[in-house]
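Asks: Chains as they are written, first to last, in the numbering used here: chain A, 1 to 290; chain B, 291 to 678; chain C, 679 to 1009. Idealized CB from N, CA, C, for every residue including glycine. Only a predicted model underlies this, so the values are computations on that prediction, with no experimental measurement involved. Handing you this structure, nothing more for now.
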Amino acid sequence: MTITIEERREQALAALPPHREPGFWARTNRWIRTHLVQFFAAFALLFMFLPVMIVVLFSFNVPAGRFNYNWNQFSTIAWTNVWSDDQITSAVKLSIEIALVATTVSVVLGTLIAFAIGRHNFRGRGGINLLIFMPMATPEVVMGSSLLTLFVTAQLEGSLGFGTITVAHIMFCISFVVVTVKARIAGLDSRLEQAAMDLYADERTTFMKITFPLVLPGIVAAALLAFSLSFDDFVITNFTSGQAVTFPMFVWGANTRGIPPEANVVGALMFIIALVVVLVPEVVKRVRKN
Amino acid sequence: MSEQTTSTAAPVSTSGGGADLHIVDVTKRFGSFKAVDDLTLTIPAGSFFALLGPSGCGKTTTLRMVAGLEEPSAGRIVIGNEDVTHKKPYKRPVNTVFQSYALFPHLDIFENVAFGLRRSGSKDVRNEVEAMLELVELSTYARRKPTQLSGGQQQRVAVARALINKPEVLLLDEPLGALDLKLRRQMQIELKRIQTDVGITFVHVTHDQEEAMTMADTIAVMNAGQVEQMGAPMELYENPVTTFVANFLGQSNLIKGELTGKTGGDASLLVQGQRMAMPTARVHSERDEVWVGVRPEKMQISRAGTAVEGENSMAGVVTDASYIGVSTQYLVKLPWGQEVSIFSQNLSTEGPLGAGEDVVLHWNPAHTFALDASQDADAGAEKVEGDE
Amino acid sequence: MSAAPAPGAAAPADDVARSVGTKAWTPYALLSPGMLWLAIFFLIPTVMLARMSLSSGSAFAGDGTFTFSVKSLQWGNYGDAISKYVIDSPIFQKSLIYALIATVLCLAIAYPLAYTIAFKAGRWRNLLLVLVIAPFFTSFLLRTTAWSTILSDSSVVVQFMESTGMLNVLHAINTPDSWPTWTQIFPDGLTGENRVLQTPLAVILGITYNFLPFMTLPLFASLERIDIRLIEAATDLYSSAFTAFRKVTFPLSLPGVVAGTLLTFIPAAGDPVNAALLGAANDSLMGNAIDAQFKATGNYPLAASLSVMLMVVIVTMVALYVRRAGTEELV
Chain A
1 MTITIEERRE QALAALPPHR EPGFWARTNR WIRTHLVQFF AAFALLFMFL PVMIVVLFSF
61 NVPAGRFNYN WNQFSTIAWT NVWSDDQITS AVKLSIEIAL VATTVSVVLG TLIAFAIGRH
121 NFRGRGGINL LIFMPMATPE VVMGSSLLTL FVTAQLEGSL GFGTITVAHI MFCISFVVVT
181 VKARIAGLDS RLEQAAMDLY ADERTTFMKI TFPLVLPGIV AAALLAFSLS FDDFVITNFT
241 SGQAVTFPMF VWGANTRGIP PEANVVGALM FIIALVVVLV PEVVKRVRKN
Chain B
291 MSEQTTSTAA PVSTSGGGAD LHIVDVTKRF GSFKAVDDLT LTIPAGSFFA LLGPSGCGKT
351 TTLRMVAGLE EPSAGRIVIG NEDVTHKKPY KRPVNTVFQS YALFPHLDIF ENVAFGLRRS
411 GSKDVRNEVE AMLELVELST YARRKPTQLS GGQQQRVAVA RALINKPEVL LLDEPLGALD
471 LKLRRQMQIE LKRIQTDVGI TFVHVTHDQE EAMTMADTIA VMNAGQVEQM GAPMELYENP
531 VTTFVANFLG QSNLIKGELT GKTGGDASLL VQGQRMAMPT ARVHSERDEV WVGVRPEKMQ
591 ISRAGTAVEG ENSMAGVVTD ASYIGVSTQY LVKLPWGQEV SIFSQNLSTE GPLGAGEDVV
651 LHWNPAHTFA LDASQDADAG AEKVEGDE
Chain C
679 MSAAPAPGAA APADDVARSV GTKAWTPYAL LSPGMLWLAI FFLIPTVMLA RMSLSSGSAF
739 AGDGTFTFSV KSLQWGNYGD AISKYVIDSP IFQKSLIYAL IATVLCLAIA YPLAYTIAFK
799 AGRWRNLLLV LVIAPFFTSF LLRTTAWSTI LSDSSVVVQF MESTGMLNVL HAINTPDSWP
859 TWTQIFPDGL TGENRVLQTP LAVILGITYN FLPFMTLPLF ASLERIDIRL IEAATDLYSS
919 AFTAFRKVTF PLSLPGVVAG TLLTFIPAAG DPVNAALLGA ANDSLMGNAI DAQFKATGNY
979 PLAASLSVML MVVIVTMVAL YVRRAGTEEL V
């Protein structure tokens, strides 16, 4: 009556249904099903990058007519000529100046707010959250026109320009800075600060040695975002610029008579610089790890 | 609740081996919740002291108040001769090994360990850190970032980072909780060794009774913001004074009984109609209604009919027997329906008794303890044995 | 672990940071400079805008000044705005419909992307996140005009759509001529018979494209917070992948969906750029109307009342959100 374990095993194996390798189509089908999400994500990325690629590609084009919409002929002439066009040069210069000031001020103001919201409890939180959120949800046209109304009412129509553009850019950048930095602060383990205090660091030292360095990546990201938002803004700038011409204003103005490939060069350069700024530290980190 | 602290006027030692830590009438409220309730404790210099209790018992809050990360609602905290109750954490001669370590992710191991020294303006940071890394056997990892280390290595960095500052008191908040069982055992021995080497006061918070018993020379069992019992591990285990301690520290069989008289050093009991004896010194009840307690491994199990002379005994039926190698664990049903557990050494060559067998349980009267029956017999027992 | 303080109503603020070395006025000191800026350059202008919408005058006529009087509020500006931009030509409705379609498309495109970055990207996660915001750095006007190339009549995309008959279908989606004027949102179909550029679809695609990051990032932020074990637990409890998504992942990501919608729908409804660059000459939206009334006509009061109409939509949507979910998740 007794059987050995080996015999039992043999019996059990014999009773198993025959094993069948899934066929090619079954495997393909399965692969597609499990990677469907990634497939759509890749499509989304393509959707996002297609126009960027067109912008870069057409910076090497020699347009046949006024409009740089159809591919004609490869040339690097726009790249070598880009800074000889005074209009573009001065527009880019103005945009960079505005973006630098707007970034600096909005990063400082926004970071302070982010620390208040992320690290303190206070009365009136709801109102503050709302006031920070609203500029992000309001159409730029509404903000631009209301700012223009303010400036007109304050009889500043004559002095629209660098100052009014910058003031406006700081306003809409603050909210994005707050959101970015606050996310970083929220992800910070408060025990790290407790540990620092436990190791004889007073509040100031704890902030300088622990809190700030750990929040810094968030602040840098916020600065990049603020810079790009400011550099790229057209709608609000259009209301507050007066006679000043920023780079987007230049592109807008050039649109009706044809945007020169030199503008594409500027767009491509911005893109490349941003990628370098963001990716180089990442690459350095990976190389160091190895 | 009971046998509380030793005298708060213990002599203050300031010689190298740390300082006494006094917690005096400390209460901590969070809103209406009392996390720590009028706690008084003295932790003598140079001891390895464990605060043991289930989560929510107030042990971590107590530790955080000593560290200065929480301010007591009432009471005082004194280290050596210095009242630190309202001092900032960075002005206290204590350092903490945090739960899951809290190593600074942006600093390498060397800088993590050097952090405290740099703050206190030490002259010879380099050599001191190197010596400390040597002690915890991490010299080759000095330039790595914390995330590149294993859990056990991170744990050693956390200890080194705190210890290098030569605090009067080192606080350890569940320091081994994140490690796997094998590594935990190894680190327990390691920590004990370090404590013996440096001789400073260690205060160790844990919910793991085995960890506390392995390392600490004194354990305070906490429950609901108060100390239930304090003493050496063996004293606590062998002679618990409350049902909470009896159940939280190991397991206990508690059977309803009545104290019928005391003659000299012996007390007599009536348990379900059966006479029993026990030492008077192990009676921890003002009332005659008591829980008669015996640890499962102190009970012996024999086939019914075995003669037992001079021991307390009672009859029962085996309902379950689990062979676990070093012992066999029995569940035995007593005539009035209660089940008790017995851990029996596998000394017999006949193999374990089976379910359904009539047995007699017997034990040395000196192993009996009696607790006030007004307490909940299941207090502290929610914790599953061998938790984690 | 033991006895964590009961968290205050909606305050993520850290107990220790507060208990050690901070004063009651510290948060206000941190807040005031930035909030003052937002008050002066966002809040007050919005009030000024509302005031302007009830004023009379024109920038280019008379002495170029505006009169506001509580005794004679110029509600007629709103009457003009409604008769011109709601009844005579359905620009207001059209803007909302375009924005709605674009928002739905954004959600459909951004969700798989955010999901992939949050759960499937592994070590590529940071790189992918960078890629999502990278297009931001190329001038968005240039990127928008690039769609003129992609959607030009002879382009691969349009040729493909035409040969598969998609264009015919899209062209057939229109508002019949027999419907009243105020419903004429797509009088000539979503696309032309053989073209996409300068049709509603091009504008909607442009809006979708431009606002995609504003949908992706909040979605990612809320997906990232979901513990992947919850999804695994759902599949362990006999949910199919799809059911797990429907019952666990999606409900938990709702804050992101709502935040993304708020950041996409309303700004999109006021966008003037896509209609101007990609749409037909007569296909203007609210953004273009406001822009034109301000810049070309100088009729600030009329433009302001159009802006206020958009603001009313925004405030209503945000208020509905806040009533349900509070303000903590907004920022």
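Determine the burial state of Thr28/A: buried for a count of at least 16 other Cβ atoms within 10 Å of its Cβ, exposed for fewer.
Replies: Label assigned to Thr28/A: exposed.
Asks: What residues in the segment 400-422 of chain B have a beta carbon less than 7 Å from any beta carbon of chain A?
Replies: For the segment 400-422 of chain B, which is checked against every Cβ of chain A, the residues closer than 7 Å are Phe405, Gly406, Arg409, Ser410.
Asks: So, is the C-beta of Gln389/B closer than 9 Å to a C-beta in chain A?
Replies: Gln389/B counts as touching chain A.
Asks: Leu661/B to Ala557/B, Cα distance in whole Å?
Replies: Going from the Cα of Leu661/B to the Cα of Ala557/B covers about 13 Å.
Asks: Where does Val495/B sit, in a helix, a strand or coil, going by DSSP?
Replies: Reduced to three states, the DSSP call for Val495/B is strand.
Asks: In whole angstroms, give me the CA-to-CA distance for Phe122/A and Gln541/B.
Replies: Distance between the alpha carbons of Phe122/A and Gln541/B: 49 Å.
Asks: Thr311/A CB to nearest chain C CB: under 9 Å?
Replies: No answer is possible for residue 311/A: it lies beyond the span of chain A, which begins at 1 and ends at 290.
Asks: Could you check the C-alpha separation between Lys93/A and Gly948/C for me, to the nearest Å?
Replies: Looking at the two C-alpha atoms, the distance is approximately 29 Å.
Asks: Would Trp753/C be called buried (16 or more neighbouring beta carbons within 10 Å of its own) or exposed?
Replies: So Trp753/C counts as exposed.
Asks: How would you label Lys285/A, buried or exposed, when you count the other beta carbons within 10 angstroms and need 16 or more for buried?
Replies: Classification for Lys285/A: exposed.
Asks: What residues in the segment 126-153 of chain A have a beta carbon less than 9 Å from any beta carbon of chain B?
Replies: If the cut-off is 9 Å between Cβ atoms, the segment 126-153 of chain A has nothing near chain B.
Asks: Report yes or no: is there a C-beta of chain A within less than 9 Å of the C-beta of Phe739/C?
Replies: Here residue 739/C is Ala; the residue named in the question, Phe, does not match the sequence. Chain A, which has no Cβ nearer than 9 Å to the Cβ of Ala739/C, makes this no.
Asks: Listing by chain order, which chain A residues have their CB less than 8 Å from the CB of Pro379/B?
Replies: Correct list: Gln194, Met197, Asp198.
Asks: Would you say Val996/C reaches chain A, if we count a Cβ-Cβ gap shorter than 9 Å as a contact?
Replies: Judged by the 9 Å Cβ criterion, Val996/C is in contact with chain A.
Asks: Compare the beta carbon distance of Pro945/C and Pro139/A with 9 Å and say whether it is the shorter of the two.
Replies: Cβ distance < 9 Å, so Pro945/C and Pro139/A count as in contact.
Asks: Does Asn417/B pass the burial test, meaning 16 or more other C-beta atoms within 10 Å, or should it be called exposed?
Replies: With fewer than 16 Cβ atoms within 10 Å of its Cβ, Asn417/B is classed as exposed.
Asks: State buried or exposed for His849/C, treating a residue as buried only when at least 16 other CB atoms are found within 10 Å of its CB.
Replies: Per the 10 Å Cβ criterion, buried.
Asks: Are the CB atoms of Val426/B and Val384/B within a distance shorter than 9 Å?
Replies: Cβ distance not < 9 Å, so Val384/B and Val426/B don't count as in contact.
Asks: Suppose the cutoff is 7 Å on Cβ atoms and the five residues either side in sequence are ignored; what does the same chain contact list for Tyr789/C look like?
Replies: Within the same chain, Tyr789/C has close Cβ partners Leu897.
Asks: What would DSSP say about His295/A, mapped onto helix, strand or coil?
Replies: Here chain A has residues from 1 to 290 only, and residue 295/A is not among them.
Asks: Taking the straight line between their C-alpha atoms, what separation do you get for Ala594/B and Pro642/B?
Replies: Distance between the alpha carbons of Ala594/B and Pro642/B: 14 Å.
Asks: Drop a sphere of 10 angstroms on the beta-carbon of Ile5/A, count the other beta-carbons inside from all chains shown, and report buried for 16 or more, exposed for fewer.
Replies: Ile5/A comes out exposed.
Asks: Please report whether the beta-carbon of Ala221/A lies at a distance below 9 Å from any beta-carbon of chain B.
Replies: Taking Cβ atoms only, chain B never reaches closer than 9 Å to Ala221/A, which makes this a no.
Asks: If you draw a straight line from the alpha carbon of Ile236/A to that of Ile165/A, how long is it in whole angstroms?
Replies: Roughly 8 Å separates the two Cα atoms.
Asks: With distances taken between CB atoms, is the gap from Val387/B to Ala404/B smaller than 9 Å?
Replies: No. Outside cutoff.
Asks: Pick out whichever of Asp232/A, Thr256/A, Gly258/A has its Cα sitting closest to the Cα of Thr246/A.
Replies: Measuring from the Cα of Thr246/A, the nearest candidate turns out to be Asp232/A.
Asks: Report yes if the C-beta distance between Leu963/C and Ser826/C is below 9 Å; otherwise report no.
Replies: Going by C-beta atoms, Leu963/C is not nearer than 9 Å to Ser826/C.
Asks: When DSSP labels each residue in this structure, what does Arg366/B get in the three-state scheme?
Replies: Here Arg366/B sits in strand by DSSP.
Asks: Here's the rule I'm using: 16 or more other beta-carbon atoms within 10 Å means buried, otherwise exposed. How should Tyr916/C be labelled?
Replies: Exposed: under 16 other Cβ atoms inside 10 Å.
Asks: Looking at the structure shown, is Ser664/B part of a helix, part of a strand, or coil, going by DSSP?
Replies: Correct three-state label for Ser664/B: coil.
Asks: Could you check whether the segment 168-182 of chain A touches the segment 109-119 of chain A, counting it as contact only if at least three pairs of C-beta atoms, one from each stretch, sit closer than 8 Å?
Replies: Flag = yes, the segment 168-182 of chain A and the segment 109-119 of chain A touch.
Asks: Is the shortest distance between the beta-carbon of Arg907/C and the beta-carbons of chain A less than 9 Å?
Replies: Not closer than 9 Å to any Cβ of chain A, the Cβ of Arg907/C fails to qualify, so no.
Asks: Could you pull the DSSP bridge partners for Lys318/B from this structure?
Replies: DSSP lists Val326/B as partners of Lys318/B.
Asks: Beta carbons nearer than 7 Å to chain B: which residues of the segment 201-229 of chain A have them?
Replies: Listed by position along the chain: Ala201, Asp202, Thr205, Ile210, Pro213, Leu214.
Asks: Buried or exposed, going by whether 16 or more other CB atoms sit within 10 Å of the CB of Pro281/A?
Replies: With fewer than 16 Cβ atoms within 10 Å of its Cβ, Pro281/A is classed as exposed.
Asks: Where do the ends of the alpha helix (DSSP H) carrying Arg409/B lie?
Replies: It spans 399-409 - the alpha helix (DSSP H) in which Arg409/B sits, taken as one unbroken run.
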